[in-house]
Amino acid sequence: MAEMMKGNEAIAEAAVRAGARFYAGYPITPSSEIMEYLSWRMEEVGGSFVQAESELAGINMVIGASACGVRALTASSGPGISLKQEGISTLCDEGLPAVVITQVRYGNGLGTLFTAQCDYNRETRGGGQGDYRCIVLCPSSVQEFVDLMAPAYELSEKYRIVVIMMGEGTLGQMMEPVTLPDFVETKRTPWALTGKYDYKKIGIFERDSRKEAVELREKYDAIKENEQRWFDEGIEDADYVFVAYGVPGRATLGAIRELRAEGEKVGLIRPITAWPFPEKAFAKINPACKGVITVEENATGQLVDDAALFIKKTHKDRNIPAYALTYVYNTPPIRSIKADYFRIKNGEVKEVY
Amino acid sequence: MREIVFAGSGGQGVLTVGLIISDIAATEGLNVTWVPSYGSAMRGGTANCTVKYCAENYIYNPSQEQPDLLLAMNEPSLHMFLPMVAPGGTVLVGDTVTIPADARQDVTYVHVNCTEIATSLGNPKGANVVMTGAIVKLMGDFSREAAIAAMNHMFEKKGKAKFNESNAKAFDAGYNAVECLSDASCVR
Numbered sequence: 005m006a007e008m009m010k011g012n013e014a015i016a017e018a019a020v021r022a023g024a025r026f027y028a029g030y031p032i033t034p035s036s037e038i039m040e041y042l043s044w045r046m047e048e049v050g051g052s053f054v055q056a057e058s059e060l061a062g063i064n065m066v067i068g069a070s071a072c073g074v075r076a077l078t079a080s081s082g083p084g085i086s087l088k089q090e091g092i093s094t095l096c097d098e099g100l101p102a103v104v105i106t107q108v109r110y111g112n113g114l115g116t117l118f119t120a121q122c123d124y125n126r127e128t129r130g131g132g133q134g135d136y137r138c139i140v141l142c143p144s145s146v147q148e149f150v151d152l153m154a155p156a157y158e159l160s161e162k163y164r165i166v167v168i169m170m171g172e173g174t175l176g177q178m179m180e181p182v183t184l185p186d187f188v189e190t191k192r193t194p195w196a197l198t199g200k201y202d203y204k205k206i207g208i209f210e211r212d213s214r215k216e217a218v219e220l221r222e223k224y225d226a227i228k229e230n231e232q233r234w235f236d237e238g239i240e241d242a243d244y245v246f247v248a249y250g251v252p253g254r255a256t257l258g259a260i261r262e263l264r265a266e267g268e269k270v271g272l273i274r275p276i277t278a279w280p281f282p283e284k285a286f287a288k289i290n291p292a293c294k295g296v297i298t299v300e301e302n303a304t305g306q307l308v309d310d311a312a313l314f315i316k317k318t319h320k321d322r323n324i325p326a327y328a329l330t331y332v333y334n335t336p337p338i339r340s341i342k343a344d345y346f347r348i349k350n351g352e353v354k355e356v357y
Numbered sequence: 040m041r042e043i044v045f046a047g048s049g050g051q052g053v054l055t056v057g058l059i060i061s062d063i064a065a066t067e068g069l070n071v072t073w074v075p076s077y078g079s080a081m082r083g084g085t086a087n088c089t090v091k092y093c094a095e096n097y098i099y100n101p102s103q104e105q106p107d108l109l110l111a112m113n114e115p116s117l118h119m120f121l122p123m124v125a126p127g128g129t130v131l132v133g134d135t136v137t138i139p140a141d142a143r144q145d146v147t148y149v150h151v152n153c154t155e156i157a158t159s160l161g162n163p164k165g166a167n168v169v170m171t172g173a174i175v176k177l178m179g180d181f182s183r184e185a186a187i188a189a190m191n192h193m194f195e196k197k198g199k200a201k202f203n204e205s206n207a208k209a210f211d212a213g214y215n216a217v218e219c220l221s222d223a224s225c226v227r
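So the sequence lines, in the order shown, correspond to chains B and Z.
Per our numbering: the first sequence ends with 357, consecutive numbering throughout.
Per our numbering: the second sequence ends with 227, consecutive numbering throughout.
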């Protein structure tokens with residue numbers, strides 16, 4: 005029998021099993037239980053845990069741990085992730101792998117504690133200063149979150165990039181039956197610092213950013229080509245295709261299955277990577293599709309920009325409309341998603357694009 | 040699928056009732072989710088959690104939608120969640136809660152003096168476990184024996200096995216205080 009586990013605790017244990025041996029961070033609701041759990045658990049497995057004096061200090065310690073070849077982790081939410089952006093940009097600049105967990109909560113500035121998806125744009129567009137992207141994984145259940153922790157580290161080391169685990173308050177706070185993965189045997193990354201001066205020092209004015217740009221573009225192109233992940237159902241013959249990730253993604257799956265049972269031709273694309281966005285899924289959508297509909301826990305509609313971009317790109321001969329159902333915060337009830345679908349079908353909702 | 044909302048003031052043990060019910064469901068091998076209210080809402084105001092369980096289907100939406108049963112351990116919780124209860128659903132209330140005369144009539148109200156019962160058993164902190172027994176009976180999804188075994192196992196894992204006997208008594212008192220209302224069980 006799978007044990008009931010609190011999301012944040014299951015996620016923290018999964019990180020340990022995926023080989024994370026360094027954690028530094030600063031607590032914030034709704035992600036705090038991750039570091040609370042690791043405060044005792046890291047020591048048990050011979051890892052290191054630091055409750056840093058700030059988010060900025062925490063991410064800078066992650067830079068150090070990663071440079072030394074250790075699988076490193078930090079976690080936060082909303083404003084805490086904003087504070088970490090300088091360090092995330094540095095990790096990406098230096099080609100240092102790390103995993104950053106965010107349990108998204110709603111609002112601008114300090115925001116609120118409600119579960120939400122308002123940080124989609126920040127996570128998928130790099131977030132900090134500069135010209136970089138992070139791979140963004142967006143699980144829809146505690147089990148999926150747990151199962152993606154080892155792949156997150158593998159991706160971050162394969163591409164020497166930061167992987168953002170974009171959760172939601174609900175995924176951190178809820179309990180579900182969870183089967184934990186086995187422990188992964190990890191090796192120190194071969195390029196890690198050794199404590200000796202093995203590497204040539206390169207000053208800021210000696211860098212060739214044009215040469216680096218070629219490598220950067222090749223890396224991001226390879227990620228876009230190889231690492232798109234998604235779940236889809238019923239999209240080849242659908243009149244309307246929903247696009248939703250995370251907990252709203254699983255609620256929308258419930259909605260489309262009920263709508264199908266009622267005779268509505270609807271489908272779902274649930275991105276598992278928010279970046280790279282699952283463009284390949286959109287190529288499978290029914291050519292006669294009447295619209296794509298995003299279901300989002302934010303006010304202004306963010307996912308709809310990507311959904312629109314890729315439905316227009318993959319279905320160039322027709323201008324298929326993209327609609328956004330924005331529920332601000334909290335997971336929308338399935339009956340609300342269904343009711344709003346019928347409003348779209350009846351022409352009562354204006355398309356965004 | 041079954042949906043239950045457990046609500047009361049912080050300290051009344053409503054999150055624990057939800058945990059016990061969800062652990063019973065998980066022990067029976069069902070799909071189950073438990074979602075709490077968290078953060079500032081827990082300080083002094085109402086605390087609540089939502090449990091959903093289902094034998095066949097994945098729980099698509101773990102959040103509050105339309106509970107089949109509402110446990111309201113205080114009046115603010117009753118007023119906050121009563122509009123959400125499914126028509127034909129059940130509203131279980133504790134000692135201090137009075138149902139207003141103009142409250143909606145399409146749900147069944149069940150009153151259990153859980154604090155009084157728990158106190159009479161010499162276990163005044165067990166009012167929430169009394170309600171756990173009442174909920175298991177009202178829902179009709181789990182046998183008394185399976186529920187008590189799962190509850191005891193849950194507390195054993197927390198190092199609280201010494202309360203198993205008093206918890207079982209409190210559970211039984213609640214179980215025997217109500218009649219099963221469910222004619223279409225989710226599980227059996």
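Every residue gets a Cβ at the ideal spot worked out from N, C-alpha and C, and that includes glycine.
{"Query": "Supposed close pair B/A358, B/M153 - CB separation, criterion 8 Å", "Result": "No information on residue 358 of chain B is available, as it lies outside the stretch 5 to 357 that chain B covers here."}
{"Query": "Meets three-Cβ-pair contact criterion under 8 Å: the segment 248 to 259 of chain B and the segment 99 to 113 of chain Z", "Result": "yes"}
{"Query": "Cβ-Cβ distance between Z/K176 and Z/E114 below 9 Å", "Result": "no"}
{"Query": "Opening and closing residue of the beta strand (DSSP E) in which B/E416 lies", "Result": "Outside the displayed range of chain B (5 to 357) lies residue 416 of chain B, so it cannot be described from this structure."}
{"Query": "Close Cβ partners of B/E240 (< 7 Å) along its chain, the five nearest in sequence each way excluded", "Result": "K288, N290"}
{"Query": "Residues that B/E7 bridges to, as DSSP identifies them", "Result": "B/V182"}
{"Query": "Test: B/Q121 CB closer than 9 Å to a CB of chain Z", "Result": "no"}
{"Query": "Interface flag, B/A156 vs chain Z, CB-CB below 9 Å", "Result": "no"}
{"Query": "Outcome for B/V49 when other beta-carbon atoms lying within 10 angstroms are tallied against a minimum of 16", "Result": "exposed"}
{"Query": "Local conformation of B/S160 per DSSP, three classes", "Result": "helix"}
{"Query": "Under 9 Å between C-beta atoms of Z/M228 and Z/I59", "Result": "The requested residue 228 of chain Z is not part of the displayed model; chain Z covers only 40 to 227."}
{"Query": "Residue-chain proximity (Z/D62, chain B), Cβ-Cβ < 9 Å", "Result": "yes"}
{"Query": "Member of B/A312, B/G267, B/A242 whose CA lies at the smallest distance from the CA of B/A292", "Result": "B/A242"}
{"Query": "DSSP state of B/T256 mapped onto helix, strand, coil", "Result": "helix"}
{"Query": "Given Z/Y208 as reference, the closest of Z/S48, Z/K196, Z/M170 once Cα atoms are compared", "Result": "The sequence shown places Lys at residue 208 of chain Z, rather than the Tyr named in the question. It is Z/M170."}
{"Query": "Beta-carbon spacing of Z/W41, Z/C88 below 9 Å", "Result": "According to the sequence displayed, residue 41 of chain Z carries Arg and not Trp. Result no, Cβ atoms of Z/R41 and Z/C88 do not sit closer than 9 Å."}
{"Query": "Backbone CA spacing between B/P336 and B/A255 [nearest angstrom]", "Result": "8 Å"}
{"Query": "Residue range of the unbroken alpha helix (DSSP H) whose run includes B/S86", "Result": "82 to 87"}
{"Query": "Any C-beta of chain Z under 9 Å from that of B/L257", "Result": "yes"}
{"Query": "B/V108 - containing beta strand (DSSP E), residue span", "Result": "102 to 108"}
{"Query": "Start-to-end residues for the alpha helix (DSSP H) that takes in B/T318", "Result": "307 to 318"}
{"Query": "Counterpart residues of Z/L114 in DSSP-defined beta bridges", "Result": "It is worth fixing the name first, because residue 114 of chain Z is Glu in this sequence and not Leu. In DSSP, Z/E114 forms no bridge with anything."}
{"Query": "Chain Z contact residues for B/I338, given Cβ-Cβ distances below 9 Å", "Result": "Y99, N100, E104"}
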